[in-house]
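These notes concern the structure reproduced below.
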Amino acid sequence: MSVKKAVIPAAGLGTRFLPATKAQPKEMLPVVDKPAIQYVVEEAVRAGIEDILIVTGRGKRSIEDHFDRSFELEHYLEENGDRVRLEEVRRISEMADIHYIRQKDPKGLGHAVLAAEQHVGDHPFAVMLGDDLIAADDLLLESMIAVYDQFGRSVLAVMEVEREAISHYGAIRPEFIEETLARAVDIVEKPAPDVAPSNLAVLGRYVLTPEIFSALKDTPPDRKGEIQLTDGLRRLISQQAVYAKVFEGRRYDIGNKLDYLRATVELACEREDLAPEFRAFLADFALRERLV
């Protein structure tokens, strides 16, 4: 049974991006001209996943509205002969079978994943965090699904970070079996740099077996009362093999303001309709800055 379902936790408050997220979901912040969560959904669809559950919370109705039909807008675009925008708007509502469930209390990422149990059932599934955008030409999720298809076990995405930055991530202790594939023999949430098991940080992409639900149910809340996915994965690692795919492509943490700006600039520079004028502007801006 291959991976045909995905869960996108989207119930967070987005405090790193206040005040922009005071009245709108962080997942709806635009990167160029698309909300961040649309990039994640498109990534899932490219990997062959069309059954997607988005775990939302209070104040997140705009996510549902974005992926729903907008008959008034479609009628307006059709009446004005704007076929390009009409097709784009329709494509958004038709790209996948999207479901929603609310995480009523902010009790951690593990708790959000648990909310998906009834929808996922006994199927393997991907977990994709909306804070992490992966460049479209870096086929990370596809490679993770290929590892799952080979071994039938959970797969984590990891990437090398500077040792002093590892305290912002979960870190694995790897046992390499190939150059970019390891068995994760341990995982630690936000370790201090001097005690971290490695500098391989876990990213916001997971392919999980349904046994993760039992592991999470047996995972006690942390000091803040939250159930951490990392703690559930550590319990799962003690029960069955868990693999780690080393990612060497482009990833943007759009919860980080500087990374959000970097994503906007780099992705705009790849757009055929924007790149020529935007690149010229950036070159002129850089020149003016040097002359100041």
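Quick note, the sequence shown lines up with residues 917 to 1208 if you use our numbering.
For each residue, glycine too, the CB sits at the ideal point set by N, CA and C.
Endpoints, alpha helix (DSSP H) assigned at residue i
| i | result |
| --- | --- |
| Gly1148 | Leu1145 to Ile1153 |
| Asp981 | Arg977 to Phe983 |
| Arg1018 | No alpha helix (DSSP H) holds Arg1018; the beta strand (DSSP E) holding it covers Asp1013 to Arg1018. |
| Ala1098 | Where Ala1098 is concerned, there is no enclosing alpha helix (DSSP H), although the beta strand (DSSP E) it sits in stretches over Leu1097 to Glu1105. |
| Lys1133 | Glu1127 to Lys1133 |
| Arg962 | Ala952 to Arg962 |
| Val1181 | Lys1173 to Cys1185 |
As assigned by DSSP and simplified to three states, the class of residue i
| i | result |
| --- | --- |
| Thr972 | strand |
| Gly888 | It is not possible to answer for residue 888, since the shown part of the chain is limited to 917 through 1208. |
| Lys1069 | It is worth fixing the name first, because residue 1069 is Arg in this sequence and not Lys. Looking at Arg1069 - three-state DSSP - the assignment turns out to be coil, as it is neither helix nor strand. |
| Val1077 | coil |
| Arg1139 | coil |
| Asp1038 | coil |
| Ile1093 | strand |
| Lys938 | coil |
| Ala1160 | strand |
| Pro1192 | helix |
| Tyr992 | helix |
| Tyr1064 | helix |
| Ala1202 | helix |
| Tyr1085 | coil |
Residue environment, residue i, which counts as buried when at least 16 other CB atoms sit within 10 Å
| i | result |
| --- | --- |
| Glu1091 | exposed |
| Glu959 | buried |
| His1084 | exposed |
| Glu1004 | exposed |
| Leu1149 | buried |
| Ala1042 | buried |
| Val956 | buried |
| Thr1135 | buried |
Alpha-carbon to alpha-carbon, residue j and residue i
| i | j | result |
| --- | --- | --- |
| Glu1215 | Ile924 | It is not possible to answer for residue 1215, since the shown part of the chain is limited to 917 through 1208. |
| Lys920 | Asp967 | 6 Å |
| Asp1048 | Leu1152 | 23 Å |
| Arg1178 | Met917 | 38 Å |
| Leu1025 | Met1044 | 11 Å |
| Phe1163 | Ala1073 | 6 Å |
| Val971 | Glu1080 | 32 Å |
| Ala1051 | Lys950 | 14 Å |
| Val1071 | Phe1129 | 15 Å |
Span of the beta strand (DSSP E), counted from its first residue to its last, around residue i
| i | result |
| --- | --- |
| Val1118 | Leu1116 to Leu1124 |
| Val1000 | Run containing Val1000: none in the beta strand (DSSP E); it sits in the alpha helix (DSSP H), Arg999 to Glu1010. |
| Ala922 | Lys921 to Pro925 |
| Leu1049 | Asp1048 to Ile1050 |
| Asp1169 | Arg1167 to Asp1169 |
8 Å contact criterion, which residue i and residue j should meet: CB distance rounded
| i | j | result |
| --- | --- | --- |
| Arg1018 | Gly973 | 6 Å |
| Gly1046 | Ile953 | 5 Å |
| Lys942 | Gly928 | 7 Å |
Beta carbon proximity, residue i to chain B, threshold 8 Å
| i | result |
| --- | --- |
| His1084 | This model lacks chain B altogether; it includes just one protein chain. |
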